[in-house]
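Each remark here refers to the structure printed beneath this line.
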Amino acid sequence: MSPEVVEILSADELRRTLTRLASQIVERAGDLSRLMLLGIHTKGVPLAETLARQIEVLEQVEVPVGAIDITFYRDDLDTIGVRTPAKTELPFDLSGKTVVLVDDVIFKGRTIRAALNAVNDYGRPEAIWLAVLVDRGHRELPIHPDFTGKKLPTAKEEQVKVYLQEIDGRDAVELITRS
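Following the numbering used here, the numbering of the sequence shown begins with 217 at its first residue and continues without gaps.
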């Protein structure tokens, strides 16, 4: 049985979605000098970098970007298998700042819970917001994104695959259904 693949966002749609998310973050943040973006490895990092570039285009303000690895904060390591942790890079002090966690897809909410635990080990931000490219529902924890690129109701057995130029050589979002 071959999977059915449906393109949800093309490269142009993905670019427009990220521009909209950057605008929404700017609008809500107000004081950009207190704003920091923190990408969750792996796909959240280039998304955070893209959002920061877009904010700079819109507002002529450089927003610091960091990367956080949540491997050791996960509660499902026994089911996902062995992973090599990526490097957490926080080139700024989180205390008293507004941190926007950035990830590609939110599903059950467990990745975000792990990211929140990790952030607490690095400081105490004034606020933590969540920006995701795709919200596919099926939450198991009471976690909801503040900024959502695309709400995509899915079946639990379906898969949402995000492709980013920096990692995959192309930009797209696909829904994969096993027939």
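All residues carry an ideal CB built from backbone N, CA and C; glycine is no exception. On a predicted model such as this, the values are computed, not experimentally measured, just so you know.
Subject >> Beta-carbon proximity of residue 274 to residue 245, cut-off 8 Å >> reply: Contact flag unset, no.
Subject >> Among 388, 392, 380, the one whose alpha carbon lies nearest that of residue 265 >> reply: Of the candidates 388, 392, 380, the one whose C-alpha sits nearest the C-alpha of residue 265 is 380.
**OP:** Give the straight-line distance between the Cα atoms of residue 317 and residue 337, rounded to the nearest whole angstrom.
**Re:** So the alpha carbons of these two residues sit roughly 15 Å apart.
Subject >> Closest Cα partner of residue 304 within the set 322, 281, 326, 325 >> reply: Cα-wise, what sits closest to residue 304 is 281.
Original post:
For residue 347, which of 374, 315, 355, 341 has the nearest alpha-carbon?
Top reply: Cα-wise, what sits closest to residue 347 is 315.
Subject >> Same chain, Cβ closer than 8 Å to residue 218, five either side skipped, listed in chain order >> reply: Close CB contacts of residue 218 within its chain, under the 8 Å cut and outside five residues either way in sequence, are with 395 (chain order).
**OP:** Go to residue 219, then tell me how far its beta strand (DSSP E) extends in each direction, as first and last residue.
**Re:** Per DSSP, the continuous beta strand (DSSP E) segment holding residue 219 begins and ends at 219-225.
Original post:
Between residue 226 and the ligand ATP, is the CB less than 7 Å from at least one heavy atom?
Top reply: The model on display carries no ligand, and the ligand ATP is accordingly not part of it.
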